[in-house]
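Positions 19 to 226 (the working numbering) are the ones given, in order, by the sequence shown.
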Amino acid sequence: MKKFLIIIAMLFMLPVFADTMPFYTNAVPKTALGVFQIGENLKIYSQPDSNSKVIREFKFTYEPETMPDGVFALLLNERKLGFIYVSDIGDDNWVELIYDKKTGAKGWVMTEDRFQFLPWKNFYNMYGRKYGLRLFKDAPDSVDILHSKADDTAQSVAKINYVKTIKLTRISGNWALVSVIDLDKTPKMGFMRWRSDEGAIYAFPDIK
Numbered sequence: 019m020k021k022f023l024i025i026i027a028m029l030f031m032l033p034v035f036a037d038t039m040p041f042y043t044n045a046v047p048k049t050a051l052g053v054f055q056i057g058e059n060l061k062i063y064s065q066p067d068s069n070s071k072v073i074r075e076f077k078f079t080y081e082p083e084t085m086p087d088g089v090f091a092l093l094l095n096e097r098k099l100g101f102i103y104v105s106d107i108g109d110d111n112w113v114e115l116i117y118d119k120k121t122g123a124k125g126w127v128m129t130e131d132r133f134q135f136l137p138w139k140n141f142y143n144m145y146g147r148k149y150g151l152r153l154f155k156d157a158p159d160s161v162d163i164l165h166s167k168a169d170d171t172a173q174s175v176a177k178i179n180y181v182k183t184i185k186l187t188r189i190s191g192n193w194a195l196v197s198v199i200d201l202d203k204t205p206k207m208g209f210m211r212w213r214s215d216e217g218a219i220y221a222f223p224d225i226k
């Protein structure tokens, strides 16, 4: 009994890493246009107007036990790096956020600089090219086929088997030009679908 209590106590003493990463296609709303990088404070308005009602206000400490659940597209507490999905773009640098992934609740914020809102292409070019891509666990098998061109009917040039790394070269619409190394250690290069025509995302920057 004493040994059991010691184990329980040790578990409670372990650090909490409440990071958030998407691993399945349904984690990313098909309507999302990109992501918004947060700071330490976030004030969300009902309309793209600073005189409209404030519907939600957040203060982010990046201490895992205090960070809200169901808010982030991606969150790395140790790096103080967090993103929220953007669902619409307004005038004068306003963007609409999905600030509650469970209910789909949305509201408006004003961007402070041109890098705070990253449309998907910018996000992938910035972080996907740096860290590579990671396939979602439920991505369809067709994503494993690399094509000679950014087209479903283009010639198949290679197949990904137990991928280890996916290096992104560039984004072309719903396609990504990638070079891949899998377990057979043979370099493979071609176009893979990172997103469906309906907006379902299959591969995400493997930010660490």
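Don't be surprised by glycine CBs; every beta carbon is placed ideally from N, CA and C. Computed from a prediction, not measured in an experiment: that's the story for all the values here.
(Q) Quick check on the DSSP output: the beta strand (DSSP E) that includes W112 runs from which residue to which? (A) W112 to D118
(Q) Let me check one thing: in DSSP terms, what residues is D200 bridge-paired to? (A) V181
Q) Among residues of its own chain, excluding the 5 on either side of P137, which ones have a beta-carbon nearer than 7 Å to its beta-carbon? A) L51 and G52
Q: Output the residue ranges of the alpha helix (DSSP H) runs that lie fully inside the segment 125 to 160 and measure 4 residues or longer, sorted by chain position.
A: 138 to 141
Q) Since A221 contacts F141 with CB under 8 Å, what's their CB separation in whole angstroms? A) That belief does not hold up - the Cβ atoms of A221 and F141 are roughly 12 Å apart, past 8 Å.
Q) In its own chain, which residues sit with a C-beta less than 8 Å from the C-beta of T129, not counting the 5 before and 5 after it? A) F54, N111, W112, V113 and F135
Q: Pull up the distance between the alpha-carbon of K119 and that of W193, whole angstroms please.
A: 26 Å
Q.
Shorter than 6 Å, the distance from the beta carbon of A50 to the closest heavy atom of the ligand ADP, or not?
A. Of the ligands one can find in the structure shown there are none, so the ligand ADP has no counterpart to examine.
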